[in-house]
Amino acid sequence: MSDTNDQNRDKKVLTLGGRPTLGLGGANKPKPAAPAQPVAGGGAGASGTVRQSFSHGRGKEVAVEVKRKKTFEKGAVPGVADGGAAARRAAEGAAGGRGPQVRGNAPRQLSDAEREARIRALRSAAEAEGERAVQEAAEAEARIIAEAEAAIAAEAAARARAEALARAEADAAARAAEPLDEDTVRRRELEELRAIQEAEKAAVAEAERKRKEAEDARKAEAATRAETSRSRHAAPATTEDDRSGRPAAARPATTTQDQTAARPPVGVRPPADFDEEDSGARRAKLAGAGKTAAKVPAAPVKAKVDDKRRGGKMTISQALSDDEGRRGRSMAAAKRARERERLRMFGRQETQKVTRDVIIPEVITVGDLANRMAERGADVVKTLMRMGVMATITQTIDADTAELVVQELGHRPIRVAESDVEIGVKGDQDRTEDLMARPPVVTVMGHVDHGKTSLLDALRKTDVAAREAGGITQHIGAYQVQLKSGSKITFIDTPGHAAFTEMRARGANVTDVVVLVVAADDGVMPQTIEAIRHAKAAGVPIIVAINKCDLPAAKPERVRQELLQHELVVEDMGGDVLDVEVSAKAGLNLDKLEEAILLQAEILELKANPNRTADGVVVEAKLDKGRGPVATVLVKRGTLKVGDIVVAGSEWGRVRALVNDRGTNVADAPPAMPVEVLGLGGVPLAGEEMVVVDSESRAREITEYRARKKREAESAKSGRGSLEQMFKQIQAGEAKELPIVIKGDVQGSVEAISGALEKLTAENTEVKVRVLTSGVGAITESDITLANASKGLVVGFNVRANPQARDMAKRDGVEIRYYSIIYDIIDDVKQMLTGMLAPTLREKFLGNAQILQVFNITKVGKVAGCRVTEGIVKRGAKVRLLRDNVVIHEGTLKTLKRMKDEVREVREGFECGMAFENYDDIREGDIIEAFEMEEIARVL
Numbered sequence: 025m026s027d028t029n030d031q032n033r034d035k036k037v038l039t040l041g042g043r044p045t046l047g048l049g050g051a052n053k054p055k056p057a058a059p060a061q062p063v064a065g066g067g068a069g070a071s072g073t074v075r076q077s078f079s080h081g082r083g084k085e086v087a088v089e090v091k092r093k094k095t096f097e098k099g100a101v102p103g104v105a106d107g108g109a110a111a112r113r114a115a116e117g118a119a120g121g122r123g124p125q126v127r128g129n130a131p132r133q134l135s136d137a138e139r140e141a142r143i144r145a146l147r148s149a150a151e152a153e154g155e156r157a158v159q160e161a162a163e164a165e166a167r168i169i170a171e172a173e174a175a176i177a178a179e180a181a182a183r184a185r186a187e188a189l190a191r192a193e194a195d196a197a198a199r200a201a202e203p204l205d206e207d208t209v210r211r212r213e214l215e216e217l218r219a220i221q222e223a224e225k226a227a228v229a230e231a232e233r234k235r236k237e238a239e240d241a242r243k244a245e246a247a248t249r250a251e252t253s254r255s256r257h258a259a260p261a262t263t264e265d266d267r268s269g270r271p272a273a274a275r276p277a278t279t280t281q282d283q284t285a286a287r288p289p290v291g292v293r294p295p296a297d298f299d300e301e302d303s304g305a306r307r308a309k310l311a312g313a314g315k316t317a318a319k320v321p322a323a324p325v326k327a328k329v330d331d332k333r334r335g336g337k338m339t340i341s342q343a344l345s346d347d348e349g350r351r352g353r354s355m356a357a358a359k360r361a362r363e364r365e366r367l368r369m370f371g372r373q374e375t376q377k378v379t380r381d382v383i384i385p386e387v388i389t390v391g392d393l394a395n396r397m398a399e400r401g402a403d404v405v406k407t408l409m410r411m412g413v414m415a416t417i418t419q420t421i422d423a424d425t426a427e428l429v430v431q432e433l434g435h436r437p438i439r440v441a442e443s444d445v446e447i448g449v450k451g452d453q454d455r456t457e458d459l460m461a462r463p464p465v466v467t468v469m470g471h472v473d474h475g476k477t478s479l480l481d482a483l484r485k486t487d488v489a490a491r492e493a494g495g496i497t498q499h500i501g502a503y504q505v506q507l508k509s510g511s512k513i514t515f516i517d518t519p520g521h522a523a524f525t526e527m528r529a530r531g532a533n534v535t536d537v538v539v540l541v542v543a544a545d546d547g548v549m550p551q552t553i554e555a556i557r558h559a560k561a562a563g564v565p566i567i568v569a570i571n572k573c574d575l576p577a578a579k580p581e582r583v584r585q586e587l588l589q590h591e592l593v594v595e596d597m598g599g600d601v602l603d604v605e606v607s608a609k610a611g612l613n614l615d616k617l618e619e620a621i622l623l624q625a626e627i628l629e630l631k632a633n634p635n636r637t638a639d640g641v642v643v644e645a646k647l648d649k650g651r652g653p654v655a656t657v658l659v660k661r662g663t664l665k666v667g668d669i670v671v672a673g674s675e676w677g678r679v680r681a682l683v684n685d686r687g688t689n690v691a692d693a694p695p696a697m698p699v700e701v702l703g704l705g706g707v708p709l710a711g712e713e714m715v716v717v718d719s720e721s722r723a724r725e726i727t728e729y730r731a732r733k734k735r736e737a738e739s740a741k742s743g744r745g746s747l748e749q750m751f752k753q754i755q756a757g758e759a760k761e762l763p764i765v766i767k768g769d770v771q772g773s774v775e776a777i778s779g780a781l782e783k784l785t786a787e788n789t790e791v792k793v794r795v796l797t798s799g800v801g802a803i804t805e806s807d808i809t810l811a812n813a814s815k816g817l818v819v820g821f822n823v824r825a826n827p828q829a830r831d832m833a834k835r836d837g838v839e840i841r842y843y844s845i846i847y848d849i850i851d852d853v854k855q856m857l858t859g860m861l862a863p864t865l866r867e868k869f870l871g872n873a874q875i876l877q878v879f880n881i882t883k884v885g886k887v888a889g890c891r892v893t894e895g896i897v898k899r900g901a902k903v904r905l906l907r908d909n910v911v912i913h914e915g916t917l918k919t920l921k922r923m924k925d926e927v928r929e930v931r932e933g934f935e936c937g938m939a940f941e942n943y944d945d946i947r948e949g950d951i952i953e954a955f956e957m958e959e960i961a962r963v964l
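The number in this note's numbering is simply the position in the sequence shown, starting from 1, with 24 added.
Below, the structure written as structure tokens:
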């Protein structure tokens, strides 16, 4: 323990004197230090021996070497601290031989290898600076060329836009002279706008292509220059090795006297900022201070079996020698450098905002509008807030607000509506040179039972009238007649009953000539006048056919005179209206009627283009049990063929078959030919236009739009009716309704029945006919279910219920009525509505009685002794008590007695006793007036 205390007490301090010797202070004497030996790697240090004592008196002599940190002062390393001045002076100094060794901090002379390395470094720096200047000049030139090309492209785009606008204005001026419909004008405007947009897009694409070509050329040139520079840098590094005949890595590395002189002496403290463990950036600064942009040649690398990357720290000798040992650039680093260069070049380009054409419908959400503009939803919401509209990303805005937002964000708005799907459906106007003559379309109109169908039957040589129920026409028929001369005439037979006004109106709208049939023995009737009005409204010429001239009571002159009252002046009276006296049964003057029709058609010069897509009018439609929906179509333009995709109202389909008026299948239908079309998806409304479209998607789009509009109209109509009905019920009590389900064989008949029934109660506020549903086809279970839910009636016109529907109606108690004549339907419904009307109450006077004396009877009350002065008084009748001709009470009789017996009535001149119900204020001299209320049935 004492030895340990002695050692702690006699601790020795290791110090370094000014001389390069190592000594120990304390009691022991200093021993001479061994001479300093150079340290491998060019470091400085000192060595010596130390006596080390151990416990139990043991000791040992140990060698001690102290290594100092390297320190460099200005001028110590030429080419590093003084920016290369010393290297240049050394290169210019004496060649060969070694200069005198300089001790301390004096600058040393460079060796030949170091001097050559410095010269190569300076030369490489100068070459790199020159190449950088050349590259910057080339980039500036390329930038100027690109800007010039962009200006030329922009000028070309502006010129193309101006030319397109000029052409559009010229075309618009040329087209303004000719009359066009609204669809054609709208389509041409869209075409012009599309042409301008395509021209702008082409100009922008051309400018982008030229810019890309210039950028690719610049990249290729930069790559070529970089490759040349790398090959030039690699050549000097291998020149010395080639001269020596062996690789540089095989030559031994020796420490020269100049390097030794550059080391700091022992005892000199190195600078504080120098450390062997400094970062790589500081080592790079030491390796090439003064020429930061110059590339230092690679140092020699020792020959190894495998090419491993350099490890460990970099020494001063490695930094000052050739840099062949420095690890090369990896592929990932090269890719990152190229990506940074590309981003830098891309950042120089000015990003131009892309202007888009934004289609704006009638209603659009904010998010959808942002997507169409390719803008952020937040930017659109901010724009709306600046405009004073607070809307979220999911809310809808109107088209006007959306248009303002699009213009605010720098885009081009294009307003569209849902109805734009029908633009161009009818096609373009036909050219005059494409038109060809077509048969005339003649509509036969007139009053009921004036012989319209019989006249047409005589022309067709077939018996049509015999198949009509009740002898009257209840369908609109279309037929084509070929005359002996080869000419063809298309006839449309319309019903004459008042309920078929809409059908007659449709017949007048598709016709070229109207044949007005008037019976010679009956004259002008109400439906005749209505037919004249329809023909005048359609603006078509009228030919008067005075029928039944073979009858004894025929008076054709009276018919002509009656027509004068309606501004129809026949040719015999100096007018321009053709008239022919005919007889359908006798076949009288039928040829003259045909000649008059052909003459009128020749004057009209009827022409159509058969070589185009067809369009026409649905004259009638029905649901056939075996064939499905069948539409009778009159082709107006073009040629309808089997396989065409057609749209009729809110229904569409592909034509499966075409059947003419005689039941024969045909392959196509030219203009003015009536045919039955099979293949539609549903029964269209009579009077709808039928057109041929190019694709099923277009047909589906059009029909969906029309069906949606139809549903909206029906819902709005039902809503208004319910509101009006509610107010009427408030005003006049509860209104009564007669719900009816109508099913018919053809669409025209169903429409006529619905219109006639609704017209029955048009002016009545107490009862109404409510048509639950109307359709074409047989009565089904759904019709029975609907009628049962509303406690209604099912009406079948020329149709029957299937067995399942009959069983359901019998079980649920739903009444089904079948009709074949429209008169019977109207009469029966009228009787039902009459029974639903509240009867009219009318007061009927019975008689008067005078009170002679008043008797007060116990438990009975006051009883008036009266004499009947007028009429009769009945027990239970209503009475009024008059005092001084003023009614003071109105009630009913409680008792009526004669003598002691209750009697039913008391006649004039007899006395009786009367008592009132719940009233006793009677006096002598009062008059009792007896009356009763009777109900009178009301009629519509």
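Where is the CB? At the ideal position from N, CA and C, for every residue including glycine. Note that the structure is a prediction, hence the values are computed from the model and not measured.
*asked:* What ranges does the alpha helix (DSSP H) occupy inside the segment 421 to 447, keeping only unbroken runs of at least 4 residues that lie completely in it?
replied: 423 to 432
*Skipping 5 residues on each side, what residues in its chain have a beta carbon closer than 6 angstroms to that of residue 801?*
Within the sequence shown, numbered from 1, the residue matching residue 801 stands at position 777. For residue 801, where only same-chain residues beyond five positions count, the Cβ hits under 6 angstroms are 647.
_Spatial neighbours of residue 174 in its chain, beta-carbon cut-off 7 angstroms, leaving aside the 5 residues before and after_ = On the sequence shown, residue 174 is found 150 positions in, with the first residue counted as 1. Counting only Cβ-Cβ distances below 7 angstroms, and skipping sequence neighbours, we find 231, 235.
*Going by the beta-carbon positions, is the gap between residue 706 and residue 675 smaller than 9 angstroms?*
Counting from 1 along the sequence shown, the entry for residue 706 is found at position 682. Counting from 1 along the sequence shown, the entry for residue 675 is found at position 651. Contact flag set, yes.
*Measuring CA to CA, which of 608, 507, 634, 725 is closest to residue 619?*
Mapped onto the sequence shown, residue 619 falls at position 595. For residue 619, the nearest C-alpha among the options comes from 507.
*Where do the N-terminal and C-terminal ends of the alpha helix (DSSP H) with residue 625 fall, by residue?*
Your numbering for residue 625 matches position 601 in the sequence shown. Residue 625 -> alpha helix (DSSP H) spans 614 to 628.
_Boundaries (first-last residue) of the beta strand (DSSP E) holding residue 875_ = As a position in the sequence shown, residue 875 is number 851, starting the count at 1. Start and end: 864 to 881.
*residue 783 to residue 854, Cα distance in whole Å?*
As a first step, residue 783 is located in the sequence shown; it is residue number 759 there, counting from the start. As a first step, residue 854 is located in the sequence shown; it is residue number 830 there, counting from the start. Using only the alpha carbons, I get a separation of about 11 angstroms.
*Is the beta carbon of residue 798 sitting closer than 9 angstroms to the one on residue 765?*
Within the sequence shown, residue 798 is the residue found at index 774, counting from 1. Within the sequence shown, residue 765 is the residue found at index 741, counting from 1. Yes. Within cutoff.
*asked:* Can you give me the C-alpha to C-alpha distance between residue 241 and residue 215, rounded to a whole angstrom?
replied: The residue labelled residue 241 in the question sits at position 217 within the sequence shown. The residue labelled residue 215 in the question sits at position 191 within the sequence shown. Roughly 39 angstroms between the two C-alpha positions.
*Candidates 651, 623, 514, 449, of which the one nearest residue 637 by Cα*: Walking along the sequence shown from the start, residue 637 turns up at place 613. That would be 449, whose Cα lies nearest to the Cα of residue 637.
_Cβ neighbours of residue 12 in the same chain (closer than 8 angstroms, five flanking residues each side left out)_ = With the chain represented from 25 up to 964, any question about residue 12 goes unanswered, as that position is not in the structure.
*Using only alpha-carbon positions, find the residue among 548, 562, 602 that is nearest to residue 578.*
Looking up residue 578 in the sequence shown gives position 554. Checked all of 548, 562, 602; the closest Cα to residue 578 is 548.
*Going by the CB atoms, is the gap between residue 383 and residue 396 shorter than 9 angstroms?*
Start at 1 with the first residue of the sequence shown, and residue 396 comes out as number 372. Start at 1 with the first residue of the sequence shown, and residue 383 comes out as number 359. Yes. Within cutoff.
*Stretch-stretch touch, CB-based, cutoff 8 angstroms, three pairs: the segment 905 to 917 with the segment 946 to 959*: yes
*Keeping to the same chain, check which residues put their C-beta closer than 8 angstroms to that of residue 185; ignore five residues upstream and five downstream.*
The residue you call residue 185 lines up with position 161 of the sequence shown. Result list for residue 185: 220, 223, 224, 227, in chain order.
*In three-state DSSP terms, what is residue 790?*
Counted from its first residue, the sequence shown places residue 790 at position 766. Note: residue 790 maps to coil in three-state DSSP.
_Collapsed DSSP secondary structure at residue 463 in the structure displayed_ = Taking the first residue of the sequence shown as 1, we reach residue 463 at position 439. Residue 463 falls in the coil class under three-state DSSP.
*Cutoff 8 angstroms; reference residue 872; Cβ partners in own chain excluding five residues on either side*: Translated into positions along the sequence shown, residue 872 becomes position 848. Once the five neighbours on either side are set aside, the close Cβ partners of residue 872 are 892, 893, 894, 895, 951, 952, 953, 954.
*Looking only at C-alpha atoms, which of 897, 874, 602 sits nearest to residue 888?*
Along the sequence shown, read from residue 1 onward, the residue named residue 888 stands at position 864. Nearest option by C-alpha distance: 874.
*Alpha carbon to alpha carbon, what distance is there between residue 883 and residue 939?*
Numbered from 1 along the sequence shown, position 915 holds the residue referred to as residue 939. Numbered from 1 along the sequence shown, position 859 holds the residue referred to as residue 883. So the two alpha carbons sit approximately 13 angstroms from each other.
_Under DSSP, the beta strand (DSSP E) around residue 931 begins and ends at which residues?_
Position 907 of the sequence shown holds residue 931. Residue 931 -> beta strand (DSSP E) spans 929 to 931.
*Buried or exposed by the 16-neighbour rule on C-beta atoms within 10 Å, applied to residue 503*: The residue you call residue 503 lines up with position 479 of the sequence shown. Buried is the call here.
*Opposite residue 968 in the DSSP bridges: which residues?*
The question about residue 968 has no answer here: the residues shown for the chain are numbered 25 through 964.
_For residue 52, the three-state DSSP class (helix, strand or coil)_ = The sequence position of residue 52 within the sequence shown is 28, counting from 1. With a pLDDT of only 43 at residue 52, under 50, the local geometry of the prediction cannot be trusted, and the value read off the model is given with reservation. In the structure shown, residue 52 adopts coil according to DSSP, grouped into three states.
*Got a sec, what are the start and stop residues for the alpha helix (DSSP H) residue 558 sits in?*
Walking along the sequence shown from the start, residue 558 turns up at place 534. 550 to 562 is the span of the alpha helix (DSSP H), which, as asked, contains residue 558.
_Suppose you measure from the CA of residue 777 to the CA of residue 793; what does that come to, to the nearest Å?_
To locate residue 777, count along the sequence shown from 1; it is residue 753. To locate residue 793, count along the sequence shown from 1; it is residue 769. Taking the Cα positions, residue 777 is about 12 angstroms away from residue 793.
*Neighbourhood of residue 553 by C-beta distance below 8 angstroms, restricted to the same chain and skipping five residues each side*: Reading the sequence shown from its first residue, position 529 is the one you call residue 553. 590, listed in sequence order.
*Between which two residues does the beta strand (DSSP E) containing residue 891 stretch?*
Here residue 891 refers to the residue found at position 867 when the sequence shown is read from its first residue. Counting along the chain, the beta strand (DSSP E) containing residue 891 begins and ends at 885 to 898.
*If you run the structure through DSSP and keep just helix, strand and coil, what is residue 579?*
Position 555 of the sequence shown, counted from the start, is the residue given in the question as residue 579. Three-state DSSP puts residue 579 in coil, outside helix and strand.
_Local Cβ density within 10 Å of residue 535, reported as buried at 16 or more and exposed below that_ = Locating residue 535 in the sequence shown gives position 511, counting from the first residue. Classification of residue 535: buried, given that the 10 Å Cβ count is 16 or more.
*asked:* To the nearest angstrom, how far is the alpha carbon of residue 960 from that of residue 805?
replied: If you number the sequence shown from 1, residue 960 lands on position 936. If you number the sequence shown from 1, residue 805 lands on position 781. For residue 960 and residue 805, the distance between alpha carbons rounds to 40 angstroms.
*asked:* Tell me the rounded alpha-carbon separation between residue 321 and residue 156.
replied: Here the question's residue 321 lines up with position 297 in the sequence shown. Here the question's residue 156 lines up with position 132 in the sequence shown. Unreliable positioning characterises residue 321 in this predicted model, as indicated by a pLDDT of 43, which lies under 50. The coordinate reading is nonetheless provided below. Approximately 18 angstroms between the Cα atoms of the pair.
*Compare the beta carbon distance of residue 601 and residue 566 with 9 angstroms and say whether it is the shorter of the two.*
Position 577 of the sequence shown, counting from 1, holds the residue named residue 601. Position 542 of the sequence shown, counting from 1, holds the residue named residue 566. Against a cut-off of 9 angstroms, the Cβ pair of residue 566 and residue 601 comes out as a contact.
*Using DSSP with H/G/I as helix, E/B as strand and the rest coil, what is residue 909?*
One-based indexing of the sequence shown puts residue 909 at position 885. Coil, per DSSP.
_Buried versus exposed call for residue 295 [16 or more other C-beta atoms within 10 Å across all chains shown]_ = Indexing the sequence shown from 1 puts residue 295 at position 271. Because residue 295 sits at a pLDDT of 43, beneath the cut-off of 50, its placement in the model cannot be relied upon, and the point is left open.
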